[in-house]
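Asks: In this text, residue positions in the sequence shown follow the working numbering: the first is 27, and each later residue adds one.
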Amino acid sequence: MAGVALIAYGIISGQATPEVFLNWQGVAIVFGGTIAATFISHPSREVFRGFMSYFIIFRSGRVNYIDVIDKMVTAIRIGQRDGVQAMQAQFKNVRGLWIFKDGLQMLVNGYTREEVKTTLEDQVKWQVSRELKQRDLFMSMSQTAPAFGMIGTLIGLINMLLTLQTNPSDVGSGLAIALITTFYGLILANMIFAPIGGKIAEQAETNLLCETLQIEAILLIYDKKNYIFARDKLAAYLNAGSRKKLMKVAGKGALQKKQGLFKKAA
Numbered sequence: 027m028a029g030v031a032l033i034a035y036g037i038i039s040g041q042a043t044p045e046v047f048l049n050w051q052g053v054a055i056v057f058g059g060t061i062a063a064t065f066i067s068h069p070s071r072e073v074f075r076g077f078m079s080y081f082i083i084f085r086s087g088r089v090n091y092i093d094v095i096d097k098m099v100t101a102i103r104i105g106q107r108d109g110v111q112a113m114q115a116q117f118k119n120v121r122g123l124w125i126f127k128d129g130l131q132m133l134v135n136g137y138t139r140e141e142v143k144t145t146l147e148d149q150v151k152w153q154v155s156r157e158l159k160q161r162d163l164f165m166s167m168s169q170t171a172p173a174f175g176m177i178g179t180l181i182g183l184i185n186m187l188l189t190l191q192t193n194p195s196d197v198g199s200g201l202a203i204a205l206i207t208t209f210y211g212l213i214l215a216n217m218i219f220a221p222i223g224g225k226i227a228e229q230a231e232t233n234l235l236c237e238t239l240q241i242e243a244i245l246l247i248y249d250k251k252n253y254i255f256a257r258d259k260l261a262a263y264l265n266a267g268s269r270k271k272l273m274k275v276a277g278k279g280a281l282q283k284k285q286g287l288f289k290k291a292a
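(1) Assuming contact is defined by CB atoms lying nearer than 7 angstroms, are T60 and T179 in contact in what I supplied?
(2) Are there three or more Cβ pairs, one per stretch, closer than 8 angstroms when the segment 241 to 253 is compared with the segment 126 to 135?
(3) Buried or exposed: which applies to E157, given that a residue is buried once 16 or more other Cβ atoms fall within 10 Å of its Cβ?
(4) Please report the Cβ distance between Y263 and L239, rounded to the nearest whole angstrom; I am assuming they are in contact, meaning their Cβ atoms lie under 8 angstroms.
(5) Tell me the rounded alpha-carbon separation between Q114 and A63.
(6) State the DSSP-derived secondary structure class of N185, mapped to helix, strand or coil.
(7) Do you know whose CA, among M78, V53, I66 and N185, lies nearest G223's CA?
(8) May I ask you to report which of helix, strand or coil DSSP gives N119?
(9) Would you say G52 and I206 are within 7 angstroms of each other, going by their C-beta atoms?
(10) Would you mind listing the alpha helix (DSSP H) stretches within the segment 98 to 171 that are 4+ residues and don't spill past its ends, in chain order?
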């Protein structure tokens, strides 16, 4: 937002009026041409999915890895005490963590450890592949937009040269209008399409880590590891600051449980 505000300030504070930077023919050439080229080079289904991912990504918040690990460790603890069915029931109404839920269902259905590992890793692999396709879509648009900006500039220059003999005084304004499309192409590429592509790639990495944690948690259940070991193993995927926060959360949970036991004893 700060970058947009600075560009707007640069336009408004200049000698020319802001209306000079508005040219609907240029917008139609650059934006329309970019969209048309995208539909030609990509399946329409992928294009619509990419546009939908734009709204999903900017609407979704950051993944709280500490909360994810804490929920799974709690489920592992319940499973060790009450069995897999109780663990599955605990996670029935929890939003997200679909990989962990699928793994629990496979565990209930009697899949082997290797079968579960292979199946879940394939799910994650293709999910990442779809997300990277959406990234590539917007990166492709970021490369196409400046090209159509140049096409718009050439069209404007041709029209300007055609009127050069009849209205030579309009050369300056005609050249300015011709260059507007180059401006549009660069703005679309570097302030919209490329940042969206980068945001999708960042979200894909975030999702990959979250899903990797879920697969690791399922495998720890198969290996019948203690919930404390499971927590420490999953914490190894986090940075030092997040690990400290996770240990604080785990410490508070243990303290609350201990206080609850004392109340029951009283």
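For glycine and all other residues, C-beta sits at the position ideal for the given N, C-alpha and C.
A quick note: this is a predicted structure, and the numbers were derived from the prediction, not measured.
Replies: With the structure as the only source:
(1) Going by C-beta atoms, T60 is not nearer than 7 angstroms to T179.
(2) Result yes; three or more Cβ-Cβ pairs closer than 8 angstroms.
(3) Label assigned to E157: buried.
(4) Contact flag correct, Cβ pair sits at about 6 angstroms.
(5) Cα-Cα distance, rounded: 48 angstroms.
(6) DSSP, read as helix, strand or coil, puts N185 in helix.
(7) The residue with the shortest Cα to Cα distance from G223 is M78.
(8) Coil at N119, not helix or strand.
(9) Yes.
(10) Complete alpha helix (DSSP H) runs here, min 4: 110 to 116 and 124 to 134.
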